[in-house]
Amino acid sequence: MSIEKILYFVQSWNYEQMHSSGAKVQLLRQAIGEYQSSLGLQRLEWTEQNVVGKFIATKEYDLKNQQLFDLFDNHGVLSKVVRIKLNKLNESEKVLLQEFCIASNPYLRFSPIRANSGQREEELFAYRKNITNNNIYWCLGQWKHYKRIHSSFVEHWESIRNLACKEMLRTNQHKVTLPVGKLSIVISDPNIDADAAYKMGGRKLLQRSGKINMEQVRLYAARGYFSLSQVYKHLQVENIQTKYLLLTLKSERNMMEGRIQQNNRYSWINIQSEAEWKQ
4 MSIEKILYFV QSWNYEQMHS SGAKVQLLRQ AIGEYQSSLG LQRLEWTEQN
54 VVGKFIATKE YDLKNQQLFD LFDNHGVLSK VVRIKLNKLN ESEKVLLQEF
104 CIASNPYLRF SPIRANSGQR EEELFAYRKN ITNNNIYWCL GQWKHYKRIH
154 SSFVEHWESI RNLACKEMLR TNQHKVTLPV GKLSIVISDP NIDADAAYKM
204 GGRKLLQRSG KINMEQVRLY AARGYFSLSQ VYKHLQVENI QTKYLLLTLK
254 SERNMMEGRI QQNNRYSWIN IQSEAEWKQ
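For the sequence shown, counting from 1, position 204 maps to 207 in the numbering used here; every step adds exactly one.
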């Protein structure tokens, strides 16, 4: 039943419209970002359109820094803040840690038959010209319009894709061929129990095969095992990328409220941990 819904979604051109509207959203975001960049403004709010554009600098850190691993290991939390990558383990380690693998959630991949890719390119080429020939307010209106359309299609697609995935797993089908393409169940690499890996190979194994999870680092800093200032002292910036965000004012407020709630959560954890440390 769910597989039939996948077939209908594609055959009724909903799948094509989902990708076409998504491509237009990206083209419009790029054009609006270039306009804002020409004004030299980091943040620009179009109040009447309820839209805000902002440039954000994102820092990429060297998370293989030995001093970081020393810090976490000395405080007894290295296995708590590191995520093990299966492809970094050698064959003997994979065998020994096999019983400590935690299965990841499978997902459904759809590989469509690209019969009309040329038509889509022609449509987008014409739309690029349309963007060039119109002003910023037209672009903002179009961005909001196609953003709504794209989000609606994506929500529907994800819903039926998840249902189809469950149906295929239930009926033990890992591949299904349809007139419009192929469905395949994909199972990502499992998560490895870092505590077990640490007991087996110590810090060297975790440093070679693991990746530091900064969310876990913030959590254990809030619990009082170390301070974030100690962490950032050893963090070395590898790259700085500038990202352009275009969103509604409501979405921006929700993002800010989410950060505040997260900071409040860490503050509460810190207060509770301090009380426990004193006992």
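Built from N, CA and C at the ideal position, the CB exists for glycine as well.
Keep in mind the model is a prediction, meaning the values are calculated, not measured.
Annotated as proximal: A197 and V85, with beta-carbon spacing under 8 Å.
Given a length threshold of 3 residues, each whole run of the beta strand (DSSP E) inside the stretch 165-194 is given here in chain order: 178-181, 184-189. Rounded to whole angstroms, the separation of the alpha carbons of L66 and K214 is 7 Å. V220 sits buried, since 16 or more C-beta atoms from the chains shown fall within 10 Å of its C-beta. Within the same chain, Cβ atoms closer than 7 Å to the Cβ of Y64 are found at L238, Q239, V240, E241, the five residues on either side in sequence being excluded. Straight through space, the alpha carbons of S114 and V183 are spaced by roughly 9 Å.
Pairwise C-beta distances place the stretch 9-23 in contact with the stretch 149-164, as three or more of them are shorter than 8 Å. Under DSSP, S114 forms a beta bridge with K185.
Per DSSP, the continuous alpha helix (DSSP H) segment holding A224 begins and ends at 217-225. Taken through DSSP and simplified to helix, strand or coil, N17 comes out as helix. In this structure, M171 places its C-beta atom within 8 Å of the C-beta atom of L186. With a cutoff of 8 Å on beta-carbon distance, L143 and W271 are scored as not near each other.
The alpha carbon of G205 has as its nearest neighbour, out of F75, V55, T135, L47, the alpha carbon of F75.
Taken atom to atom, the span from the alpha-carbon of I243 to that of R173 is near 45 Å. G79 carries a coil assignment under DSSP once its states are collapsed to helix, strand and coil. For the set Q52, E51, Q33, K57, the Cα lying nearest the Cα of L44 is the one of K57. Cβ-Cβ distances below 6 Å link A60 to I243, T245 in the same chain, with the five nearest sequence neighbours on each side left out; the list follows chain order. A contact is defined here as three or more CB-CB pairs under 8 Å, and the stretch 247-259 meets this definition with respect to the stretch 25-41. As the crow flies, the alpha-carbon of H148 is around 24 Å from that of Y11. Excluding sequence positions up to five before and after S107, its CB lies within less than 8 Å of the CB of I190, S191, D192, P193, N194, all in the same chain and listed in chain order.
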